[in-house]
Every structure is written in C-alpha cells, then in structure tokens.
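Numbering-wise, this note's numbering puts 184 at position 158 of the sequence shown, and it's gapless, one number per residue. Idealized CB from N, CA, C, for every residue including glycine.
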Amino acid sequence: VHDLWPWPTADDRMVSRLDQMVRVTQRITRKDGSLEEAFPREGSWCVTALVASDILSASAILGDRIPADTRRQWLAAVDPLIRHLLRYDEQHAFISNHLATGALALSLWSAASQDALAATRAKDIVDRIVAHQSSEGWFQEYEGADPGYQTLATYYLAQIHTQRPTWDLHEPLSRSVSFLENFAHPYGS
27 VHDLWPWPTA
37 DDRMVSRLDQ
47 MVRVTQRITR
57 KDGSLEEAFP
67 REGSWCVTAL
77 VASDILSASA
87 ILGDRIPADT
97 RRQWLAAVDP
107 LIRHLLRYDE
117 QHAFISNHLA
127 TGALALSLWS
137 AASQDALAAT
147 RAKDIVDRIV
157 AHQSSEGWFQ
167 EYEGADPGYQ
177 TLATYYLAQI
187 HTQRPTWDLH
197 EPLSRSVSFL
207 ENFAHPYGS
C-alpha cells in the first residue's frame, strides 16, 4: 500500500500470495478454532490472536485491492479463530503482549463484521492491560517488566488506539514509550 515492498509485484499477485496463506490457516485451524504454536493440540491463544489480527489487518489495509469474494473467504477463515478468542482467555500468565494481540484481533473483527461482543471483549482486555500497567510505564509480562515484549504490547495497543481513540490509550501509551526510552541504544534499536 505504501510502496515499501522492494520488488515490483502486481497487486493481484500479492493478494494471491496472501490468499494462499489464509487458505493454509483454514487447513491448520483446530476444531475448537485455535492454532498451535509449538506442540500438538496446544491451542495457543496468543498465536490464534496473532494470525487473526494479521489477516484482518491485511484485509483492512488492502481494502478494495482484495476482491469481495476473497475478502469474504478471509473473514470466514478468521471467524473460528475469533470464536476461540471469545470463548477462552490467555492461560499462561498475565502477558500483556499476548492480551494486546487478542484485543487487536477482536477490535479489528468488530470493525469488519459489526460484532459488538468482540468490541466489548476487546475493551475489557485493554482495560485489564492498563490496570496492570506499572507506575513506571511498563506493561506486565508474566510478573514484571520486559522491554522487548513491551514493544509488542505498545505496537498492538497503538493500533487499537488509532482505530478506537475513545478508549483512552493515549496516556498509557505515552507512559510506555517513556519507559522504553530507557532501553534504546544510541543507534536507535
């Protein structure tokens, strides 16, 4: 969309490649709507959320470049993933970047499908993340701070903030960035 892909590639070719990935996602989705990360029958909430948010983000960004039938197929592929996110919760621990990924997937789904329940669940998850934010600005990852995962949580929450500015994420995101400034190397990484 922003001409950042370094090789000349026709839009239909790019959509075709993405469509192949979505079709593979449908084949590997378990009956309960989950995806695995590393172990058979694992049912990873985070990976399920990550794939759902990526498909929905690609669909939103590409807009009319995706044929209507293809968009419907992508939404059909995401539907069981979203149902899983609505039925279950992250069970490993309180992991802000995982939860933020799920909140983004649910928020994007709500925008694409007008699913009010998904929006409510996304907002509840965001509120939980913000409630666990430290006064120092870090979002809880397991039992403390983790600057690497903090960048992921910030990335997902910033996308939600762009989509839903009334959810009051400006101040928590500002605190997060202030915390992360302490870990930036002089050359910017």
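Quiz item: Which two residues bound the contiguous alpha helix (DSSP H) that contains Asp198?
Solution: By one-based count along the sequence shown, residue 198 stands at place 172. First, the amino acid is wrong: residue 198 is Pro here, not Asp. It spans 196-206 - the alpha helix (DSSP H) in which Pro198 sits, taken as one unbroken run.
Practice problem: Taking only the alpha-carbon atoms, compute the straight-line gap between Leu76 and Ala131 and give it to the nearest angstrom. | Solution: Taking the sequence shown and counting its residues from 1, one reaches residue 76 at position 50. Taking the sequence shown and counting its residues from 1, one reaches residue 131 at position 105. Their backbone Cα atoms lie some 7 angstroms apart in a straight line.
Quiz item: What is the rounded straight-line gap between the Cα of Asn208 and the Cα of Val48?
Solution: Indexing the sequence shown from 1 puts residue 208 at position 182. Indexing the sequence shown from 1 puts residue 48 at position 22. So the alpha carbons of these two residues sit roughly 38 angstroms apart.
Self-check item: Backbone CA spacing between Ala144 and Ser133 [nearest angstrom]
Solution: For the purposes of this step, residue 144 is taken as the residue at position 118 of the sequence shown. For the purposes of this step, residue 133 is taken as the residue at position 107 of the sequence shown. So the alpha carbons of these two residues sit roughly 6 angstroms apart.
Practice problem: Express the C-alpha separation of Tyr213 and Gln117 in angstroms, rounding to a whole number. | Solution: As a first step, residue 117 is located in the sequence shown; it is residue number 91 there, counting from the start. As a first step, residue 213 is located in the sequence shown; it is residue number 187 there, counting from the start. The straight-line gap from Cα to Cα measures roughly 37 angstroms.
Quiz item: Between Tyr182 and Thr127, is the Cβ-Cβ spacing less than 7 angstroms?
Solution: Within the sequence shown, the letter at position 156 stands for residue 182. Within the sequence shown, the letter at position 101 stands for residue 127. It is a contact, given that the beta carbons lie within the stated cut-off.
Quiz item: Grouping DSSP H, G and I as helix and E and B as strand, with all else coil, what is Gly170?
Solution: Counting from 1 along the sequence shown, the entry for residue 170 is found at position 144. Of the three classes helix, strand and coil, the one that applies to Gly170 here is strand, per DSSP.
Exercise. Return the first residue and the last residue of the alpha helix (DSSP H) that Ser122 is part of.
Key: In the sequence shown, counting from the first residue as 1, residue 122 sits at position 96. 122-139 is the extent of the alpha helix (DSSP H) around Ser122.
Exercise. Would you list the one or two residues that DSSP bridges to Ser161?
Key: Numbered from 1 along the sequence shown, position 135 holds the residue referred to as residue 161. In the DSSP assignment, no residue is bridged to Ser161.
Quiz item: Can Ile87 and Val27 be called in contact, C-beta distance under 7 angstroms?
Solution: Your numbering for residue 87 matches position 61 in the sequence shown. Your numbering for residue 27 matches position 1 in the sequence shown. Yes, the pair counts as a contact, with Cβ atoms nearer than the cut-off.
Quiz item: When DSSP builds the beta bridges, which residues end up paired with Ser70?
Solution: Here residue 70 refers to the residue found at position 44 when the sequence shown is read from its first residue. According to DSSP, residue pairing for Ser70 in a beta bridge involves Leu61.
Quiz prompt | Beta-carbon contacts of Ala103 that lie in its chain and below 8 angstroms, excluding the five residues immediately before and after | solution = Taking the first residue of the sequence shown as position 1, residue 103 is located at position 77. Take Ala103, set aside five residues on each side of it, and the residues of its chain with a beta-carbon closer than 8 angstroms to its own are Val48, Arg49, Thr51, Gln52, Thr55, Ile81, in chain order.
Quiz item: For Asp45, which residues from the same chain have a beta carbon less than 8 angstroms from its beta carbon, with the 5 sequence-adjacent residues on both sides left out?
Solution: Within the sequence shown, numbered from 1, the residue matching residue 45 stands at position 19. Cβ neighbours of Asp45 beyond the five flanking positions: Thr96, Gln99, Trp100.
Quiz item: Is the distance from the Cβ of Ala129 to the Cβ of Ile108 below 7 angstroms?
Solution: The residue you call residue 129 lines up with position 103 of the sequence shown. The residue you call residue 108 lines up with position 82 of the sequence shown. Result no, Cβ atoms of Ala129 and Ile108 do not sit closer than 7 angstroms.
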